[in-house]
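Chemist:
In this note's numbering, the protein residues as written are -2 to 203.
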C-alpha cells in the first residue's frame, strides 16, 4: 500500500506539472523527493547501479542547492533596486512583486550563467506592470496620462515632469536611470549601445 501511495504521488505530480509545461529547473526538489519512490525501484534493484545512483542523487542535491542560492540572490538584488526607488510607497497601487518579475525573467533566461541578465530583464519587466497599472488603476486624469506619455516619447526629464503625480515622476525617473545603466553595461560588455532600441520598445507601452 505504501509503495502504491508513493507511486500515486509521482504520477499525480507528473500529470500536474508535465515536463514540457513547467520550469524543470525549479522542479528538481520534487524529483529528488521522489527518487526513492516505486517509480525508480527497478533502477535501485539493478545490479551495480545503487552506488552511482546515490552519487548522482547527491550531485543533483548540491547543484540544486547552489542554484537556489543564486536565485535567492537575484530576487534580493531586484528587491534592493525596488527599495532604492521607493516603489512600494510611491506606486502602492501597482503590482510591486520582485519575485513575480524574476519568475518571468527566469522563464526566458534559464541558463545558470545568466544571473546578471535575469536581474536586468526582471527590472525591465517591472516597468510593464507599473506603467500598465498607472494607466489602468490609479485614477489619474487624461491630461496627466498624456503628459506622461509625452515624457516617455521625449525620453528626457524636463520641468514639465514636475507637474505629474509622484507615482509618474518616480516611475519615469527610474525608467530613465535603469535603461541608461543597462545600456552602459551592454556597451561596455559588447561594444554596442541598445538605448535607442530600448526606447522604442518602452514607447510602445505608453
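Every residue, glycine too, gets a C-beta built ideally from N, C-alpha and C.
(1) From residue 8 to residue 127, what does the alpha carbon distance come to, in whole angstroms?
(2) For residue 105 and residue 117, what's the separation of their Cα atoms in angstroms?
(3) Just to confirm, is the Cβ distance from residue 101 to residue 71 under 8 Å?
(4) Out of 11, 91, 86, 64, state which residue places its alpha-carbon closest to the alpha-carbon of residue 125.
(5) Could you check the C-alpha separation between residue 154 and residue 170 for me, to the nearest Å?
(6) Roughly how many angstroms lie between the CA atoms of residue 142 and residue 73, to the nearest whole one?
(7) Using CA coordinates, which residue listed in 201, 121, 147 is at the minimum distance from residue 174?
(8) Which residue marks the beginning of the alpha helix (DSSP H) containing residue 140, and which one marks its end?
Modeler: Taking the coordinates as given:
(1) Counting from 1 along the chain shown, the entry for residue 8 is found at position 11. Counting from 1 along the chain shown, the entry for residue 127 is found at position 130. Straight-line Cα distance between these residues: approximately 40 Å.
(2) As a first step, residue 105 is located in the chain shown; it is residue number 108 there, counting from the start. As a first step, residue 117 is located in the chain shown; it is residue number 120 there, counting from the start. Straight-line Cα distance between these residues: approximately 12 Å.
(3) If you number the chain shown from 1, residue 101 lands on position 104. If you number the chain shown from 1, residue 71 lands on position 74. Not closer than 8 Å, so no.
(4) For the purposes of this step, residue 125 is taken as the residue at position 128 of the chain shown. Taking only the C-alpha atoms, the option nearest residue 125 is 91.
(5) The residue labelled residue 154 in the question sits at position 157 within the chain shown. The residue labelled residue 170 in the question sits at position 173 within the chain shown. When rounded, the distance between both Cα atoms is 7 Å.
(6) The residue you call residue 142 lines up with position 145 of the chain shown. The residue you call residue 73 lines up with position 76 of the chain shown. About 32 Å.
(7) Position 177 of the chain shown, counted from the start, is the residue given in the question as residue 174. Residue 174 has its Cα closest to that of 121, out of 201, 121, 147.
(8) Locating residue 140 in the chain shown gives position 143, counting from the first residue. Segment 139 to 151, the alpha helix (DSSP H) holding residue 140.
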